[in-house]
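Numbering (the numbering used here), first residue to last: 1 to 79.
Okay, so here's the structure we're looking at.
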Amino acid sequence: MCGYEHEHRNIASTAGREEVTALLEFTVKHNISHTGELSELAEKIKEFGNTKAAEKILSALEEYNKGNELLGEALEAVK
């Protein structure tokens, strides 16, 4: 959907502190990049006349942003 494929590896179980911190930092940035995509999807779906679906995406995006904020706080705590 987003034009590329990416793999979600489970390195956290074998990684050291620096790797885990780097993974968390990457994940936060990666998630934030998806917020723009979701916003664009909502706008496009709204243009297609499906306001209800667009509103659901925007509501989900609010929660997604809250999660990203908490992940950012966790990242700062481990740095």
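Virtual Cβ for every residue (Gly too), placed ideally from N, Cα, C.
Keep in mind that this is a model prediction, so the values were computed, not measured.
Backbone secondary structure at residue i - three-state DSSP
i	result
N51	The question names Asn, but residue 51 is Thr in the sequence shown. Here T51 sits in helix by DSSP.
G16	coil
K79	coil
Residue i vs residue j beta-carbon contact at 9 Å
i	j	result
L75	T35	no
L61	L38	yes
L71	N31	yes
E43	A54	yes
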